[in-house]
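Visitor: Below is the structure I would like to discuss, written out as structure tokens.
2 protein chains.
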Amino acid sequence: MSPPLADEPVEPADEGADPLTDGEYAEYLDDLGPAWEVVEDHHLEATYEFDDFAEALAFTNEIGELAEAEWHHPDIHLSWGEVGVEMWSHDIGGLHESDFVMAARMDRIYDGDD
Amino acid sequence: MSPPLADEPVEPADEGADPLTDGEYAEYLDDLGPAWEVVEDHHLEATYEFDDFAEALAFTNEIGELAEAEWHHPDIHLSWGEVGVEMWSHDIGGLHESDFVMAARMDRIYDGDD
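Line order of the protein sequences matches chains X and W.
For the first sequence, UniProt numbering assigns the number 1 to the initial residue and increments by one for each residue that follows.
For the second sequence, UniProt numbering assigns the number 1 to the initial residue and increments by one for each residue that follows.
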């Protein structure tokens, strides 16, 4: 049995590698929570909901620290009661397994399981 | 001589008040730094630039704390080396003097003068 996606390492994409296609990422996407979707076969997008601005800001900090630790940085949209995330691997212009690993770790933080 | 815009109080808009028109807000906008513009006579938008993700995250926290303290919450878009801000007074569906005061305080934080 393979380890949970969130426990996989976050690794940079090989230089010149192709982004994942839908057939290749479908299994990873199945492992993510309902916040996530793949948009235009190009990036992952999520919206996480919170009770207020302060909770959304706290979550922004937690995933910001994760991004710094793994050196894999999403775009984060913080507003009242909501944090939006967009993420892809800029080096390869699309999705890499590591994007899904990062997404799974954000789910874990959101669920309070980290 | 009036005090700097950033030293004005942030106050909720009066119920039923009309949003500021361009003739009314022009003077406030003149007091803001180059990051800011008014979009569609409806909201303020800024892009602040930073050296990396960590600095952008730190700024996000500073303006997030300001937003909580004044109970006036912008939308914040955090990405590598950049923080975007969108702000208006939701109660009146447009711009209020307080939006400009908040913007001036963010400029002050960005300039390290807070």
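Each residue gets a CB set at the ideal place from its N, CA and C atoms; glycine is no exception.
Here the structure is a predicted model, which means the values were calculated and not measured.
Under 9 Å, Cβ to Cβ, is there at least one residue of chain W near F53 of chain X?
Guide: Here residue 53 of chain X corresponds to residue number 53 of the first sequence, with the count starting at 1. Yes, F53 of chain X counts as interfacial toward chain W.
Visitor: Using the rule of at least 16 other Cβ atoms within 10 Å of the residue's Cβ for burial, across every protein chain shown, is S2 of chain W buried or exposed?
Guide: Looking up residue 2 of chain W in the second sequence gives position 2. Classification for S2 of chain W: exposed.
Visitor: List the residues of chain X whose Cβ lies closer than 9 Å to the Cβ of T60 of chain W, in chain order.
Guide: Stepping through the second sequence from its first residue, residue 60 of chain W is reached at position 60. Under the 9 Å cutoff, chain X gives L57, T60, N61, G64, I76 and L78.
Visitor: Going by other Cβ atoms of all chains shown within 10 Å of its Cβ, with 16 needed for buried, is G64 of chain X buried or exposed?
Guide: Locating residue 64 of chain X in the first sequence gives position 64, where the first residue counts as 1. So G64 of chain X ends up on the buried side.
Visitor: According to DSSP, is S2 of chain W helix, strand or coil?
Guide: In the second sequence, counting from the first residue as 1, residue 2 of chain W sits at position 2. S2 of chain W falls in the coil class under three-state DSSP.
Visitor: Out of X:V10, X:L5, X:A6 and X:D31, which has the shortest C-alpha to C-alpha gap to H72 of chain X?
Guide: Counted from its first residue, the first sequence places residue 72 of chain X at position 72. Nearest of X:V10, X:L5, X:A6 and X:D31 to H72 of chain X, Cα basis: X:V10.
Visitor: Exposed or buried, E45 of chain X, counting other C-beta atoms within 10 Å across all chains shown (16 or more means buried)?
Guide: Walking along the first sequence from the start, residue 45 of chain X turns up at place 45. So E45 of chain X counts as buried.
Visitor: Taking the continuous beta strand (DSSP E) assigned at D75 of chain W, which residues delimit it?
Guide: What you label residue 75 of chain W is simply residue 75 of the second sequence in a count that begins at 1. It spans D75 to S79 - the beta strand (DSSP E) in which D75 of chain W sits, taken as one unbroken run.
Visitor: E49 of chain X and E8 of chain X: beta carbons closer than 9 Å?
Guide: Residue 49 of chain X sits at position 49 when you count from the first residue of the first sequence. Residue 8 of chain X sits at position 8 when you count from the first residue of the first sequence. Contact flag unset, no.
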